[in-house]
Amino acid sequence: MRWELLFTDLEAFAEATERAVLEADAADLGRAERSALRLADRLRAHLDETLGVRLLGGERLTGRLMDVGSDWVLLKDDAGSVLVPLGAVGGVSGLSRRADVPGGELARRVRLTTVLRRLARDRSGVRVRLTDGSEVDGTIDRAGADHLDVALHALDDPRRPGLVRGVLVIPVAALAHVRART
């Protein structure tokens, strides 16, 4: 009888120890997974939801989340669509704890400068808000790895040599958001 109690006690101790080790491993795995999440992953889980975005310059945007790239988000608000670099975001309200990691390499490659080059190719008129709160209107002529050239002209005017007042080279880090003319 004593041997049976001893073995039962040892089995219970072994099971409790194994369970504690498994729970600790699961907690460590959960922390490791959370530490690898990026803001874009959290945002991607909230597509088509209304979020509040506070920019570093103090401006606040509220809109429906339309798309998320590796370093940008596209919101739709009352004024239209607005492209926001994640580097200009100071906070986001309306997020849950959900996250959605991108499925493929393409999602990771679509960077802000890729979107800006598309706007340049389309010759779309844009209003660019800088992090200092100032705005410029014109057409993106080109987008480099870390900057863009904006031909300055009225949004209602097409980009024509006689209507361009100059070209402003803007570092991507200075962008608060970009609105394409609708």
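In case it helps, this note's numbering puts the sequence shown at residues 435 to 616.
Each residue gets a CB set at the ideal place from its N, CA and C atoms; glycine is no exception.
1) For residue 494, count neighbouring C-beta atoms within 10 Å of its own C-beta (all shown protein chains included) and say buried if the count is 16 or more, exposed if not.
2) Got a sec? Which residues, its chain only, sit under 6 Å from residue 585 by beta carbon, not counting five neighbours each side?
3) If contact is defined by three or more beta carbon pairs under 8 Å, each pair taking one atom from either stretch, is the stretch 517-533 in contact with the stretch 469-486?
4) At the level of alpha carbons, what is the spacing between residue 532 and residue 502?
5) Using DSSP bridges, identify the partner residues of residue 489.
6) Given a cut-off of 8 Å on the beta-carbon distance, is the pair residue 563 and residue 610 in contact?
7) Beta-carbon separation of residue 554 and residue 588 under 8 Å?
8) Apart from the five residues just before and just after residue 522, which ones in its own chain have a Cβ nearer than 8 Å to its Cβ?
9) Is DSSP giving residue 442 helix, strand or coil here?
10) With residue 546 and residue 505 assumed to form a contact (beta carbons below 8 Å), what rounded beta-carbon distance in angstroms separates them?
11) With a CB to CB cut of under 7 Å and the five nearest residues on each side skipped, what residues in its chain are close to residue 472?
12) Could you tell me the alpha carbon to alpha carbon distance between residue 603 and residue 582, rounded to whole angstroms?
13) Please determine, among 449, 520, 514 and 497, the residue with the shortest C-alpha to C-alpha distance to residue 476.
14) Spell out the partners DSSP gives residue 605 in its beta bridges.
15) What does the Cβ neighbour count give for residue 513, buried or exposed, with the cut at 16 atoms within 10 Å?
16) Go through its chain and collect everything with a Cβ distance to residue 557's Cβ below 7 Å, but skip five positions before and after it.
17) Within a Cβ cutoff of 7 Å, which residues of the same chain sit near residue 535, ignoring the five residues on either side of it in sequence?
18) Mind checking which residues open and close the beta strand (DSSP E) that includes residue 494?
Considering the structure as presented:
1) Against the sequence shown, residue 494 aligns to sequence position 60. By the 10 Å Cβ count, residue 494 comes out exposed.
2) Within the sequence shown, numbered from 1, the residue matching residue 585 stands at position 151. For residue 585, where only same-chain residues beyond five positions count, the Cβ hits under 6 Å are 572, 573, 575, 593, 598 and 601.
3) yes
4) For this step, residue 532 is matched to residue 98 along the sequence shown. For this step, residue 502 is matched to residue 68 along the sequence shown. About 15 Å.
5) Translated into positions along the sequence shown, residue 489 becomes position 55. 523, per the DSSP bridge assignment.
6) Position 129 of the sequence shown, counting from 1, holds the residue named residue 563. Position 176 of the sequence shown, counting from 1, holds the residue named residue 610. Yes. Within cutoff.
7) Numbered from its first residue, the sequence shown carries residue 554 at position 120. Numbered from its first residue, the sequence shown carries residue 588 at position 154. Not a contact, by the Cβ cut-off of 8 Å.
8) Locating residue 522 in the sequence shown gives position 88, counting from the first residue. For residue 522, where only same-chain residues beyond five positions count, the Cβ hits under 8 Å are 489, 490, 491, 565, 609, 610 and 611.
9) Translated into positions along the sequence shown, residue 442 becomes position 8. Helix, per DSSP.
10) By 1-based counting over the sequence shown, the position of residue 546 is 112. By 1-based counting over the sequence shown, the position of residue 505 is 71. With 8 Å as the limit, residue 546 and residue 505 qualify as a contact, their Cβ atoms being about 5 Å apart.
11) Here residue 472 corresponds to residue number 38 of the sequence shown, with the count starting at 1. Nothing meets the Cβ criterion.
12) Within the sequence shown, numbered from 1, the residue matching residue 603 stands at position 169. Within the sequence shown, numbered from 1, the residue matching residue 582 stands at position 148. For residue 603 and residue 582, the distance between alpha carbons rounds to 6 Å.
13) As a first step, residue 476 is located in the sequence shown; it is residue number 42 there, counting from the start. Answer by Cα proximity: 520.
14) For this step, residue 605 is matched to residue 171 along the sequence shown. Paired residues: 581.
15) Translated into positions along the sequence shown, residue 513 becomes position 79. By the neighbour-count rule (16 or more Cβ atoms within 10 Å), residue 513 is not buried but exposed.
16) Translated into positions along the sequence shown, residue 557 becomes position 123. So the list reads 573 and 593, once near-sequence residues are dropped.
17) Indexing the sequence shown from 1 puts residue 535 at position 101. 475, listed in sequence order.
18) Counting from 1 along the sequence shown, the entry for residue 494 is found at position 60. Looking at the DSSP string, the run of the beta strand (DSSP E) that includes residue 494 is 494-502.
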